[in-house]
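Colleague: Take this structure, written in structure tokens, and hold onto it; I'll ask about it next.
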Amino acid sequence: MKRILIVGGANGIGLSIAKQLTKEEETEKVYIIDKSALDEQYQEPKIESVVFDLTSEDYSIFDRYTDIDGVFITAGFGRLALFKDIPEQLISTYFQVNTIAAIRIIKHFYERLLSEKDFYCGVMVSIAGFMSSPFFSIYGATKAALKIFIESVNVELEKAGTTNRILNVSPGSIKGTSFNQGATDLSLTANLAQEIISHLKQKDDLFIPNYDTVFREVLKRYHDDFRKEGLHSYEYKLKSGRIK
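In terms of my numbering, the sequence shown opens at residue -19 and continues consecutively.
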């Protein structure tokens, strides 16, 4: 990947991926689009950043990036809260940022995904999109929609004869990111960023970090009895100390 666009790359795992890519000799430019400006300490010649709010109606900014051979979308937000405590006006914002934005961005680059030339595309989804997730009801719903969209479009890409795919990266909680009011710590996300880059280059369609050690069993329990696993998830989150 010589030139890649990272949407949501000013902090967290997006920034970690950007910084890992700039270390590679092959990388010429990493473009970052984020609602926040890139902090001065992370700026370097290979990185070019632009401030843009994904709740905007006009997405023509993405048509500027005609020289890229990859796009990775990490933008998204969520906080642990019961559905009763989520303001109604925030519901549409959740879907705008977490779901619709990713779909619209992919639409802008879809012709390149369909082409015979290599084009690398990935989206940070979430393991919450694979199962019921109390305290994450709206967030999980936005990610479940994204999961089904990616799976469906990947079939269309395969039937169109291209080798390009959309990578669904679906982790659990990640330490060292600004998600859920956390703080960015690149030392904690560097290894995961490298793994994501590797799967992106291989044009994989799904990567669930810690699948063998954690989520294989979790998903099995959910498949066997989604009600029981939902109750287990509720209690686990209460005990995690993440509920503020």
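Built from N, CA and C at the ideal position, the CB exists for glycine as well.
All figures in this text were calculated on a predicted structure; none of them were measured in a lab.
Are Ile85 and Ile118 closer than 7 angstroms when you measure CB to CB?
Modeller: What you label residue 85 is simply residue 105 of the sequence shown in a count that begins at 1. What you label residue 118 is simply residue 138 of the sequence shown in a count that begins at 1. Taking 7 angstroms as the Cβ cut-off, Ile85 and Ile118 do not qualify as a contacting pair.
Colleague: Taking DSSP's pairing of strands, which residues face Arg(-17) in a bridge?
Modeller: Taking the sequence shown and counting its residues from 1, the one referred to as residue -17 is at position 3. The partner list for Arg(-17) (beta bridge, DSSP) reads Lys9.
Colleague: My assumption, with CB atoms under 8 angstroms, is that Asn144 sits in contact with Phe89. Please give the rounded CB distance.
Modeller: Numbered from its first residue, the sequence shown carries residue 144 at position 164. Numbered from its first residue, the sequence shown carries residue 89 at position 109. The Cβ separation is near 10 angstroms, so there is no contact.
Colleague: Does the stretch 168 to 179 come close enough to the stretch -9 to -2 to have 3 or more Cβ pairs within less than 8 angstroms?
Modeller: The answer is yes - the stretch -9 to -2 touches the stretch 168 to 179, with three or more Cβ pairs under 8 angstroms.
Colleague: Could you tell me which of Asn(-9), Glu5, Lys3 sits nearest to Ser29, measuring between CA atoms?
Modeller: Start at 1 with the first residue of the sequence shown, and residue 29 comes out as number 49. If we check each option's Cα against that of Ser29, Asn(-9) comes out closest.
Colleague: Do Ile(-16) and Ile80 come within 7 angstroms of each other at the CB atom, strictly closer than that value?
Modeller: Taking the sequence shown and counting its residues from 1, the one referred to as residue 80 is at position 100. Taking the sequence shown and counting its residues from 1, the one referred to as residue -16 is at position 4. Contact: no.
Colleague: Report the CB separation of Gln76 from Thr35 in whole angstroms; it is logged as a contact under 8 angstroms.
Modeller: Within the sequence shown, residue 76 is the residue found at index 96, counting from 1. Within the sequence shown, residue 35 is the residue found at index 55, counting from 1. With 8 angstroms as the limit, Gln76 and Thr35 qualify as a contact, their Cβ atoms being about 5 angstroms apart.
Colleague: Quick one: is Asn190 buried, meaning 16 or more other Cβ sit within 10 Å of its Cβ, or exposed?
Modeller: Start at 1 with the first residue of the sequence shown, and residue 190 comes out as number 210. That one is exposed.
Colleague: Leu147 and Gly210 - do their beta-carbons sit closer together than 7 angstroms?
Modeller: The residue labelled residue 210 in the question sits at position 230 within the sequence shown. The residue labelled residue 147 in the question sits at position 167 within the sequence shown. No; because the gap between Cβ atoms is not below 7 angstroms, this pair is not in contact.
Colleague: What is the DSSP secondary structure of Gly226, reduced to helix, strand or coil?
Modeller: There is simply no residue 226 to check, as the chain begins at -19 and stops at 224 in what is shown.
Colleague: Counting Cβ pairs, one atom from each stretch, are 3 or more of them under 8 angstroms apart for the stretch 110 to 128 and the stretch 207 to 224?
Modeller: Judged by Cβ distances under 8 angstroms, the stretch 110 to 128 makes contact with the stretch 207 to 224, as three or more pairs qualify.
Colleague: Exposed or buried, which one is Pro25 when buried takes at least 16 other CB atoms within 10 Å?
Modeller: Stepping through the sequence shown from its first residue, residue 25 is reached at position 45. Label assigned to Pro25: exposed.
Colleague: How far does the beta strand (DSSP E) with Asn78 in it reach, from first residue to last?
Modeller: The residue given as residue 78 occupies position 98 in the sequence shown. Per DSSP, Asn78 belongs to no beta strand (DSSP E) and is neither H nor E.
Colleague: In terms of alpha-carbon separation, which member of Ala108, Asp43, Ile27, Leu180 lies closest to Gln59?
Modeller: Here the question's residue 59 lines up with position 79 in the sequence shown. Just to set this straight, residue 59 is Arg in the shown sequence, not Gln. Among Ala108, Asp43, Ile27, Leu180, the Cα nearest to that of Arg59 is on Ala108.
Colleague: For Val194, I'd like the list of residues in its chain whose CB is within less than 8 angstroms of its CB, leaving aside the five on either flank, ordered along the chain.
Modeller: By 1-based counting over the sequence shown, the position of residue 194 is 214. Closer than 8 angstroms at the Cβ level, and outside the excluded window around Val194, lie Gly152.
Colleague: Do the CB positions of Leu94 and Thr46 come within less than 7 angstroms of each other?
Modeller: If you number the sequence shown from 1, residue 94 lands on position 114. If you number the sequence shown from 1, residue 46 lands on position 66. No.
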